[in-house]
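Asker: One structure, as structure tokens, below. Some questions next.
In the numbering used here, the protein residues as written are 111 to 323.
Below, the structure written as structure tokens:
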């Protein structure tokens, strides 16, 4: 099943999607999302782009960071997820949060438009995550920042023994490509980069600053 159709289906069953991510995060999803937004180091009044925004799970934290003076723009390719995200925005009356249906590798954004970019549990499920990192870099100002919250297989023993079961299961459920080197792509496209791992190395926050365009 293609990524768009897969996530259109998930958009019709968000409780199941939340339950799956609760398992992935081992119940610490709120903590990891908060840490990743904090790593983005957003100031009030800034403009933030979110790639693969899904139903808008991160909008509240991003909007709180930019304040009423800033702007948040979420991009997703799934029509169902875009609909869910727009409903969330409308229900909460967030006038400075906007949702666009677009391919994250070709979002149609003028270079240097945003101060920061963000992606949560989305890049490793994209067909070309390296191109998405490049698109994020191109959309940023010369001092812009990019932060990614994502997952990789368990690193240490004995949990790594679960990878033959976990990896194909989540690849089928989410289009996850466990071989994707998102941190490496960030190191290649940004002047400086950091990576912090947690949950036995399976959850990481990778950040870059100073896009190379």
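The beta-carbon is built from N, C-alpha and C at its ideal position, and this holds for glycine as well.
Quick check: the Cα distance between residue 189 and residue 114, rounded to an integer number of angstroms?
Answerer: Their Cα atoms are separated by approximately 8 Å.
Asker: For residue 162, is the classification buried or exposed, using 16 other Cβ atoms within 10 angstroms of its Cβ as the cut-off for buried?
Answerer: Buried.
Asker: Report the partner residues of residue 314 according to the DSSP bridge assignment.
Answerer: Note: residue 314 sits in a beta bridge opposite 260 and 307.
Asker: What residues match up with residue 230 in a beta bridge as DSSP calls it?
Answerer: 259, per the DSSP bridge assignment.
Asker: Can you name the start and end residues of the beta strand (DSSP E) that residue 159 belongs to?
Answerer: Residues 157-161.
Asker: Given 8 Å as the limit, is there contact between the region 213-232 and the region 178-187, that is, 3 or more CB pairs closer than that?
Answerer: Result yes; three or more Cβ-Cβ pairs closer than 8 Å.
Asker: If we call anything under 9 Å between Cβ atoms a contact, is residue 203 one with residue 176?
Answerer: No, the Cβ-Cβ distance between residue 203 and residue 176 is not below 9 Å.
Asker: To the nearest angstrom, how far is the alpha carbon of residue 124 from that of residue 321?
Answerer: Answer to the nearest angstrom: the Cα atoms are 34 Å apart.
Asker: Secondary structure at residue 127, three-state DSSP: helix, strand or coil?
Answerer: Three-state DSSP puts residue 127 in a helix.
Asker: Taking C-alpha atoms, which residue in 288, 311, 315 and 153 lies nearest to residue 267?
Answerer: Nearest of 288, 311, 315 and 153 to residue 267, Cα basis: 311.
Asker: Whole angstroms are fine: how far does the CA of residue 166 sit from the CA of residue 246?
Answerer: Going from the Cα of residue 246 to the Cα of residue 166 covers about 18 Å.
Asker: Go to residue 211, then tell me how far its beta strand (DSSP E) extends in each direction, as first and last residue.
Answerer: Counting along the chain, the beta strand (DSSP E) containing residue 211 begins and ends at 207-211.
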